[in-house]
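I have placed the structure first, in the form of structure tokens, so that the comments after it can refer back to it.
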Amino acid sequence: MTIADLRASVTGPVLTAEDDGYANELHTYNLTVVHTPSVVVGAMNPADVQAAVRYAAAHGLPVAVLGAGHGSSVPSAGAVLVTTRRLTGLTIDEPARTARVEAGVVWAELIEQAGKLGLAALNGSSPTVTVVSYTIGGGLGPFGRKHGYAADHVTALEVVTADGELRRVTAETEPDLFWALRGGKGNFGVVTAVEFTLFPIRTFYGGGIFFPGELAGEVLHLFRRWTADVPEEMSASVGLLHLPPLPFVPEPLRDRLVAHLRITYLGDPQEGARLIAPFRALGEPVIDAVAELPYTAIASVHSDPVDPLPLYEHGALLRALPAEAVDEILRRSGPFVLAEIRHMGGALSRPPAVPNAVGNRDDDTLYNVFLVAAGGPADAEPLHTAEQQLIDALAPWSTGRRYLNFMFAPDATPETAALAWSPADYPRLQAIKRRYDPANLFRINHNIPPS
């Protein structure tokens with residue numbers, strides 16, 4: 130199959146570096162990863178994805194996938210890159226409380242449509258992340274402690290595997306592949322659509338409270354004590370934010386350090402207010418935006434930036450958060466735009482009704498630390514070093530494992546990537562990889578080698 134043959138068989142654009150539109154097709158949210166594929170296929174439908182995968186297999190090239198580009202994955206140099214933003218199908222079955230979402234749909238679109246029906250999904254913090262990529266990587270969101278990971282509620286996936294076949298995968302049709310796709314991310318094929326359960330959530334009590342930097346230590350230390358016994362209806366995180374003096378930052382928050390408490394409580398708003406009263410008692414906040422909110426306002430909880438940025442990220446899972454760990458975070462967070470502590474546990478620690486490959490979900494995983502720094506190429510090494518130094522300082526309380534959706538380009542060695550999955554599950558993942566992708570066509574990712 131030649132490039133001409135590929136173009137003749139694909140509805141969407143097929144571009145090489147010599148073609149107009151090639152660079153524009155590769156735009157991504159995280160600007161630190163530059164994609165230079167051999168050919169990029171702008172998929173309009175699953176048949177386009179099939180043609181791209183068959184072309185890659187015929188030429189011995191790896192396949193990469195680019196949605197919104199939030200996770201800074203492995204650069205796609207020399208690969209066949211499939212962009213999914215044109216796969217925009219979204220249907221909601223209101224009586225059944227289910228949704229079918231294609232790979233180009235971002236969370237903002239689903240949140241809006243589901244919210245109009247009084248339904249909610251287990252979305253992430255950012256409205257501009259694609260639903261499919263987030264979900265197959267696990268899906269840790271603002272309702273996680275109550276309802277678990279987004280992957281726990283997937284009922285079917287449509288995926289193009291390395292043989293170029295489009296498969297509809299369920300627990301009944303291909304149970305091993307169904308298990309692996311929910312938590313194995315892009316290792317087993319190009320997922321073109323997912324179907325999952327929705328929840329009857331019209332409103333929640335939540336939002337964010339921004340405290341001035343001088344209260345940061347009190348906020349973080351209260352958070353570690355407070356999370357010891359809050360109910361699982363309460364999902365929460367706290368972030369140290371060093372915000373720049375830029376127009377997209379609200380004026381009271383510009384060019385200053387703040388501690389940002391983010392909560393979602395699925396219960397009586399009065400009880401939610403009682404639960405967070407100790408934080409409000411600490412002192413005058415810069416902004417207090419916690420209230421009873423409609424589900425459609427869920428993105429306001431974290432208020433993640435929506436414009437592309439050059440980001441360097443790192444993370445760790447902790448089994449404990451003693452005062453010493455908080456002190457290390459306070460001491461070493463200066464170089465970062467964000468140093469976040471997210472409370473885990475609850476349904477995130479329990480096995481789902483239909484088991485999946487989402488890793489490291491046990492009672493030992495109580496917190497996730499997530500670090501974000503911003504800068505140009507010259508800043509990469511010092512920022513990565515600073516992030517690693519903080520992660521190393523937290524080693525006494527770390528599980529030594531990682532959460533897949535919070536793993537980025539520096540974590541792409543197979544040895545590091547393996548930390549995203551349970552050691553007991555990893556051999557099964559490799560066996561499924563050997564069965565469905567023995568040539569490791571899908572390796573431009575946090576890869577599970579077939580052997």
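Its first residue numbered 130, the sequence shown is counted upward by one per residue in our numbering. C-beta: ideal position from N, C-alpha, C; glycine also. Because the structure is a prediction, the values reported are computed rather than measured.
(message) Whole angstroms are fine: how far does the CA of Pro381 sit from the CA of Asp134?
(response) 56 Å
(request) Compare the beta carbon distance of Asp554 and Ala486 with 7 Å and say whether it is the shorter of the two. (result) yes
(request) Would you be able to state if there are at least three C-beta pairs under 8 Å between the segment 455-475 and the segment 173-189? (result) no
(request) Count the other CB atoms, across all protein chains shown, that sit within 10 Å of the CB of Glu294; report buried if there are 16 or more and exposed otherwise. (result) exposed
(request) Tell me, please, which residues DSSP counts as bridged to Asn159. (result) Leu438
(message) Considering only their Cβ atoms, is the gap separating Ser364 from Arg274 smaller than 7 Å?
(response) yes
(request) Assuming Val194 contacts Val289 (C-beta within less than 8 Å), just tell me the rounded distance between them. (result) Actually they do not touch by this definition, with Cβ atoms about 10 Å apart.
(request) Taking all protein chains shown into account, decide if Phe377 is buried (16 or more other Cβ within 10 angstroms of its Cβ) or exposed. (result) exposed
(request) Would you be able to state if there are at least three C-beta pairs under 8 Å between the segment 337-352 and the segment 242-259? (result) no
(request) Would you tell me roughly how many angstroms separate the C-alpha atoms of Ser262 and Asp456, rounded to the nearest one? (result) 34 Å
(message) Distance check for Glu147 and Tyr278, CA to CA, integer angstroms please.
(response) 42 Å
(request) Mind listing, in chain order, the continuous alpha helix (DSSP H) runs of no fewer than 4 residues lying wholly within the segment 197-249? (result) 236-245
(request) Could you tell me which of Lys562, Leu533, Pro379 sits nearest to Val498, measuring between CA atoms? (result) Leu533
(request) Name the residue from Gly270, His276, Leu459 whose alpha carbon lies nearest to the alpha carbon of Asn350. (result) Correcting the residue identity first, residue 350 is His in this sequence and not Asn. Of the candidates Gly270, His276, Leu459, the one whose C-alpha sits nearest the C-alpha of His350 is Leu459.
(message) Between which residues of its own chain and Gln559 is the CB-CB distance below 8 Å, once the five residues before and five after are set aside?
(response) Ile577, Pro578, Pro579, Ser580
(request) Pull up the DSSP beta-bridge partners for Asp417, would you. (result) Ile338
(request) Note down, in chain order, each residue of its chain lying with its Cβ closer than 6 Å to the Cβ of Gly412, except the 5 sequence neighbours on either side. (result) Leu344
(message) For Arg563, which residues in the same chain have their Cβ closer than 6 Å to its Cβ, ignoring the five residues on either side in sequence?
(response) Pro579
(request) Spell out the partners DSSP gives Tyr394 in its beta bridges. (result) Tyr334, Met363
(message) Out of Asp292, Asp491, Leu450, which one is the CA nearest neighbour of Ala524?
(response) Leu450
(request) Enumerate in chain order the residues of its own chain whose CB-to-CB distance from Asp491 is below 7 Å, with the five nearest sequence positions on each side excluded. (result) Ser478
(request) Since I believe Leu500 is in contact with Gly444 (beta carbons under 8 Å), could you give me their beta-carbon distance rounded to a whole number of angstroms? (result) 7 Å
(message) Going by DSSP in three states, Tyr496 sits in which element: helix, strand or coil?
(response) strand
(request) Answer yes if the segment 310-317 comes into contact with the segment 402-422, meaning at least three C-beta pairs across the two stretches below 8 Å, and no otherwise. (result) no
(request) Out of Asn153, Gly267, Glu241, Thr321, point me to the one whose CA is closest to Ala181's CA. (result) Thr321
(request) State the Cα-Cα distance for the pair Ile416 and Trp308, rounded to the nearest angstrom. (result) 43 Å
(request) Count the C-beta pairs between the segment 207-221 and the segment 539-554 that are closer than 8 Å, then say yes if the count reaches three, no if not. (result) no
(request) State the Cα-Cα distance for the pair Ala541 and Thr326, rounded to the nearest angstrom. (result) 31 Å
(message) I'd like to check one pair, Val235 with Val323: are the Cβ atoms closer than 7 Å?
(response) no
(message) Which residue wins for smallest C-alpha separation from Gly150, given the options Leu160, Val169, Val139, Pro434?
(response) Val169
(request) Have a look at the DSSP bridge pairing and note the partners of Glu287. (result) Arg297, Ala322
(request) Name, in chain order, the residues that DSSP records as bridge partners for Ile470. (result) Val367, Val498
(request) Put Arg385 into one of helix, strand or coil per three-state DSSP. (result) strand
(message) One question on the structure: do Asp436 and Ser254 come within less than 7 Å of each other, judged by their Cβ atoms?
(response) no
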